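In what follows, a structure is listed as structure tokens, so that the remarks can point back to it.
Number of protein chains: 2
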Amino acid sequence: MILTKIMISRKEIKFIKSLNSKKNRLKELLFTIEGEKMVDELLSSNYKIKKIYGKKEWYENNFSKLDLIDFQRISNEELSRISNLKNPNNVLALVEVFSNELDYSSLTGTTLILDSINDPGNLGAIIRTCDWFNVRNLICSKNTVDLYNNKTIQSTMGSIFRVNVHYCNLAEFFVSMNNKPQTYAATLDGRNLKNVKNKKDNFLIIGSESHGISEDLMKFVDEKVKIENISGTGESLNAAIATSIILYQLS
Amino acid sequence: MILTKIMISRKEIKFIKSLNSKKNRLKELLFTIEGEKMVDELLSSNYKIKKIYGKKEWYENNFSKLDLIDFQRISNEELSRISNLKNPNNVLALVEVFSNELDYSSLTGTTLILDSINDPGNLGAIIRTCDWFNVRNLICSKNTVDLYNNKTIQSTMGSIFRVNVHYCNLAEFFVSMNNKPQTYAATLDGRNLKNVKNKKDNFLIIGSESHGISEDLMKFVDEKVKIENISGTGESLNAAIATSIILYQLS
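Note that the protein sequences, when read in sequence, are chains A and B. Reminder that position 180 of the first sequence reads as 179 in numbering that gives the first Met the number 0, one-by-one numbering, no gaps. Reminder that position 212 of the second sequence reads as 211 in numbering that gives the first Met the number 0, one-by-one numbering, no gaps.
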């Protein structure tokens, strides 16, 4: 028996790897998602899948879910060439960038506002925490790291499918809000977080670790909050960790 | 004027890069620390410095602190070759691994116990949070990621100099404790963290995101605690984030 194998072309490999750059993702409006669990959640999400590259074992367990999706079987070696993971996990999907208008009426509960967060792992971990604490909307400054960066995507551990993420000019966003709810900002000189009484609907602004919250946003803040530095020796907390502690307190 | 430049040798570059592997760090008992802020804190710490490689500007600002330390001036290009950072920051130090005996009498306040934490960025962020909340002792299982991994070191943001980190067999550690304080464990089925009353001295055990806490440690646990999943949709929290939320609550 001759087993014919369709190889993935060099051009295709190059194209998939090119999506590691934000510029190319914006041009192609495509990004990648990897691994069994992530692709499993992708298949039941609203995201449109352009193509799935999977190993034989993956295909055998999932072909019933593929329906009209373009699928290519690839070898272990081919997967390593297109994957961004140290340990590639059976499958990679090419997915269309999802963009929807911000629905102001959906901004209930806590809405998280990120100003200039640079680290993709931090953004991913923040999205994962939002999912846990039922924060459904995340508004990011335009210079916040890209949602579709592969490290961001992978560190959401699937929560990307359950949290709405919007990028906009934050000052304009605040101006456009008619009935802005109580707005908290994480700072080093605010009120001790443990004494903050949560309002049902609220905004929480988190700034970058090095530069804090932009000056032009401070006028929209109703209450500054701080996570008490118990030791007095630590200089700051990781941005994802500070965010998560405050979301815990507000939850 | 002829400016003579002493170049860093290929062999030396290879040696420094070899310290990216744990095996070589254990063999040489050396690791690297990078960047102005980190090296500044290193210089006032108890760690022994083997050699510092720095750019001219760095040397000019710091030569008074160098005393008997072996120093080599290097170019931007040379720094890029030995650095692990995307944006190398003026200086890299070769440092001797610091090992001290665990002092049981120093285990006051909260002592954090990490079981099988794999991600170096997570370990670094945890150490940074410990510093903030005045947790001075961290006991790690032997299979927890190495403290001297460069990603761990860099993500501590200097807190490595203020938190004692010990690696040991955790079950043996518990057996060897005479008066074990109240021991909490983070689980998915414990008591709601918000209702947990803190004891002055306590242990907190955190397990891996995928496998939780090892079965053989559970018998040492007095109270299981959980961070309430408000949405019911998120599947888990990042290990560093879960740790930090609990340390915040216990602080």
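The beta carbon of each residue, even a glycine, is placed where N, CA and C say it ideally should be. From a predicted model like this one, the values you see are computed outputs, not experimental measurements.
Cβ neighbours of residue i in the same chain (closer than 6 Å, five flanking residues each side left out)
i	result
B:Leu-249	Thr-109, Asn-197
B:Phe-97	Tyr-46
B:Arg-127	Thr-155, Met-156, Ser-158
B:Asn-310	Residue 310 of chain B is absent from the structure shown; chain B starts at 0 and stops at 250.
A:Asn-252	No answer is possible for residue 252 of chain A: the residues shown for chain A start at 0 and end at 250.
A:Ile-5	none
A:Ser-43	none
A:Ser-140	Asp-114, Ser-115, Leu-169
B:Phe-101	Before going further, note that residue 101 of chain B is Leu rather than Phe in the sequence given. Correct list, in chain order: His-165.
B:Val-195	Val-224
A:Arg-9	none
Run of the beta strand (DSSP E) containing residue i, from where it starts to where it stops
i	result
B:Glu-95	90-95
A:Thr-151	Taken as a continuous stretch (DSSP letters only), A:Thr-151 belongs to no beta strand (DSSP E), being part of the alpha helix (DSSP H) at 149-154.
B:Tyr-166	163-167
B:Arg-72	70-72
B:Thr-109	109-113
B:Leu-203	201-205
A:Leu-101	Element bounds for A:Leu-101: n/a, residue is neither H nor E.
A:Leu-137	136-140
A:Glu-222	222-225
Beta-carbon spacing of residue i, residue j below 7 Å
i	j	result
B:Glu-33	B:Leu-111	no
B:Val-164	B:Cys-129	no
B:Phe-202	B:Pro-180	yes
B:Asn-133	A:Ile-245	no
B:Glu-77	B:Ile-7	yes
A:Asn-88	A:Glu-35	yes
B:Gly-295	B:Lys-218	There is simply no residue 295 of chain B to check, as chain B begins at 0 and stops at 250 in what is shown.
B:Thr-151	B:Gly-123	yes
Span of the alpha helix (DSSP H) around residue i
i	result
B:Asp-39	35-42
A:Asp-188	Premise fails: A:Asp-188 lies in the beta strand (DSSP E), 181-191, not in any alpha helix (DSSP H).
B:Gly-53	It is not in any alpha helix (DSSP H) - B:Gly-53 instead sits in the beta strand (DSSP E) that spans 48-53.
B:Lys-21	21-27
A:Phe-14	9-17
A:Asn-178	Careful: A:Asn-178 lies outside any alpha helix (DSSP H) and carries neither H nor E.
B:Ile-81	75-81
A:Ser-243	238-249
Cβ distance (whole Å) where residue i is taken to contact residue j below 8 Å
i	j	result
A:Leu-93	A:Thr-31	6 Å
A:Ala-238	A:Ile-226	In fact, because the Cβ distance is near 12 Å, the residues do not count as touching under 8 Å.
B:Ile-138	B:Cys-167	7 Å
B:Leu-253	B:Asp-114	Residue 253 of chain B is absent from the model: chain B starts at 0 and stops at 250.
B:Ser-207	B:Ile-116	6 Å
A:Asn-86	A:Ser-105	So it is not a contact: roughly 37 Å between Cβ atoms.
A:Thr-107	A:Asp-215	That pair is no contact at about 26 Å.
B:Ser-243	A:Ser-243	7 Å
Cutoff 8 Å; reference residue i; Cβ partners in own chain excluding five residues on either side
i	result
B:Ile-51	Val-38, Leu-65, Ile-68, Asp-69, Phe-70, Gln-71, Val-90, Leu-91, Ala-92, Leu-93
A:Leu-2	Residue confidence is low: A:Leu-2 scores 43 on pLDDT, short of 50, so the model does not pin down where it sits. Its coordinate-derived value is still stated next. Same-chain partners within the cutoff: there are none.
B:Arg-261	Examination of residue 261 of chain B is not possible in this model, given that chain B is present from 0 through 250 alone.
A:Lys-193	Glu-227, Gln-248
A:Leu-41	Ile-32, Ile-48, Ala-92, Val-94, Phe-160
A:Met-176	Tyr-103
Own chain partners of residue i with C-beta closer than 7 Å, once the 5 adjacent residues on each side are dropped
i	result
A:Leu-28	Glu-95, Val-96
A:Arg-80	Ile-12
B:Leu-187	Lys-225
B:Val-220	Thr-182, Ala-184, Ile-204
B:Gly-233	none
A:Asn-19	Asn-83, Asn-149
B:Lys-55	Arg-72
B:Met-0	Here B:Met-0 scores only 38 on pLDDT, less than 50, and its place in the model should not be relied on; the value that follows carries that caveat. Within the same chain, B:Met-0 has no close Cβ partners at all.
A:Glu-59	none
A:Phe-172	Ile-138
B:Phe-14	none
B:Lys-16	Ile-81
(message) Output needed in chain order: residues of the region 119-145 of chain B with a Cβ under 7 Å from some Cβ in chain A.
(response) If the cut-off is 7 Å between Cβ atoms, the region 119-145 of chain B has Gly-120, Ala-124, Arg-127, Thr-128, Asp-130, Trp-131, Phe-132, Asn-133 near chain A.
(request) Report the residues of the region 42-69 of chain B with a CB closer than 8 Å to any CB of chain A, ordered along the chain. (result) Answer set for the region 42-69 of chain B: empty.
(message) Please identify, using Cβ separations under 8 Å, the residues of the region 154-172 of chain A that lie next to chain B, in order along the chain.
(response) Those residues of the region 154-172 of chain A placed with their C-beta closer than 8 Å to a C-beta in chain B are Ser-154, Met-156, Gly-157, Ser-158, Arg-161, ordered along the chain.
(request) Give, in chain order, every residue of the region 235-247 of chain A whose Cβ lies closer than 8 Å to some Cβ of chain B. (result) If the cut-off is 8 Å between Cβ atoms, the region 235-247 of chain A has Ser-235, Leu-236, Asn-237, Ala-239, Ile-240, Ser-243, Ile-244, Tyr-247 near chain B.
(request) Quick one: which residues of the region 220-235 of chain B get their C-beta closer than 9 Å to a C-beta of chain A? List them in chain order. (result) Of all residues in the region 220-235 of chain B, Ile-226, Glu-227, Asn-228, Ile-229, Ser-230, Gly-231, Thr-232, Gly-233, Glu-234, Ser-235 have a Cβ within less than 9 Å of some Cβ in chain A.
(request) Residues of the region 190-224 of chain A with a CB closer than 7 Å to any CB of chain B: list them in chain order, please. (result) Of all residues in the region 190-224 of chain A, none has a Cβ within less than 7 Å of some Cβ in chain B.
(message) Using a Cβ-Cβ cutoff of 9 Å, what residues of the region 9-33 of chain B are near chain A? List them in chain order.
(response) When C-beta distances to chain A are compared with 9 Å, every residue of the region 9-33 of chain B stays at or above that value.
(request) Scan the region 171-186 of chain B for residues whose Cβ lies nearer than 8 Å to a Cβ of chain A and list them as they occur along the chain. (result) From the region 171-186 of chain B, no residue has a Cβ closer than 8 Å to chain A.
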